[in-house]
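Sequential numbering from 9 applies to the sequence shown in the working numbering.
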Amino acid sequence: MKKVLFVCVGNSARSQMAEGLTKALADFSVEVASAGTEPAAQVDPTAVQVMREIGIDISGQRPKAISPEDILNYDYIITMGCGAEGACPAAFGGTVADWGLPDPKGADLEQYRQMRDTIREHVLALLEDINNEEGE
Numbered sequence: 009m010k011k012v013l014f015v016c017v018g019n020s021a022r023s024q025m026a027e028g029l030t031k032a033l034a035d036f037s038v039e040v041a042s043a044g045t046e047p048a049a050q051v052d053p054t055a056v057q058v059m060r061e062i063g064i065d066i067s068g069q070r071p072k073a074i075s076p077e078d079i080l081n082y083d084y085i086i087t088m089g090c091g092a093e094g095a096c097p098a099a100f101g102g103t104v105a106d107w108g109l110p111d112p113k114g115a116d117l118e119q120y121r122q123m124r125d126t127i128r129e130h131v132l133a134l135l136e137d138i139n140n141e142e143g144e
């Protein structure tokens with residue numbers, strides 16, 4: 009079973025959406041989590057709202073801190089593009105990629121929807137890569 013960790017600074021929107029989408033879309037065994045270098049107090053309410061629009065409830069998720077020990081346990085570490093790659097010890101883990109996604113904090117509802125849809129496309133591509141890797 010492959011393990012995926014999504015990382016951003018606050019672990020309140022993008023990485024939470026990525027975690028929720030991966031859990032919903034994976035049709036094979038993938039362990040997924042998200043974390044932040046400076047976790048927020050709560051998951052962004054607008055992220056929760058736009059995920060509910062597509063039938064995924066992330067309201068029970070909580071921002072979590074990342075630690076170097078945690079990272080060593082993941083096969084894939086995906087940073088969201090908010091500078092976490094400079095502050096995060098993700099380089100010590102497995103396959104590291106940065107999706108280069110801007111922080112939606114303060115954006116309007118439509119921008120959150122666009123971010124959700126962009127993350128969904130990235131997640132689908134990641135799951136396809138993992139599936140292909142496991143099929144080799």
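Ideal Cβ placement from N, Cα and C applies to all residues, glycine included.
Which word fits S37, buried or exposed, when buried means at least 16 other C-beta atoms lie within 10 angstroms of its C-beta?
-> In the sequence shown, counting from the first residue as 1, residue 37 sits at position 29. Exposed, by the Cβ-count rule.
Could you tell me whether the Cβ atoms of A26 and F14 are closer together than 7 Å?
-> Within the sequence shown, numbered from 1, the residue matching residue 26 stands at position 18. Within the sequence shown, numbered from 1, the residue matching residue 14 stands at position 6. Taking 7 Å as the Cβ cut-off, A26 and F14 qualify as a contacting pair.
Under 6 Å Cβ to Cβ from M123, same chain only, skipping five residues before and after it: list those, please.
-> For the purposes of this step, residue 123 is taken as the residue at position 115 of the sequence shown. Counting only Cβ-Cβ distances below 6 Å, and skipping sequence neighbours, we find P112.
Three or more beta-carbon pairs under 8 Å between the region 48 to 55 and the region 74 to 82, yes or no?
-> no
Could you give the C-beta distance for E39 and M88, rounded to a whole number, given that I count them as a contact under 8 Å?
-> The residue labelled residue 39 in the question sits at position 31 within the sequence shown. The residue labelled residue 88 in the question sits at position 80 within the sequence shown. E39 to M88, Cβ: 19 Å. No contact.
Determine the burial state of D52: buried for a count of at least 16 other Cβ atoms within 10 Å of its Cβ, exposed for fewer.
-> Against the sequence shown, residue 52 aligns to sequence position 44. Buried, by the Cβ-count rule.
L117, buried or exposed, once every other Cβ within 10 Å from all chains shown has been counted against 16 = As a first step, residue 117 is located in the sequence shown; it is residue number 109 there, counting from the start. Exposed.
Look at the alpha carbon of V58 and the alpha carbon of N140, and state the distance between them as a whole number of angstroms.
-> Translated into positions along the sequence shown, residue 58 becomes position 50. Translated into positions along the sequence shown, residue 140 becomes position 132. Rounded to whole angstroms, V58 to N140 spans 30 Å at the Cα level.
Looking at C-alpha atoms only, which residue of P71, S67, A41 and A105 is the closest neighbour of G18?
-> On the sequence shown, position 10 is the one that residue 18 refers to. Ranking the options by Cα distance to G18, first place goes to P71.
G44, enclosing beta strand (DSSP E) - first and last residue | Indexing the sequence shown from 1 puts residue 44 at position 36. Start and end: V38 to G44.
How would you write the range of the alpha helix (DSSP H) that V2 sits in, first residue to last?
-> There is simply no residue 2 to check, as the chain begins at 9 and stops at 144 in what is shown.
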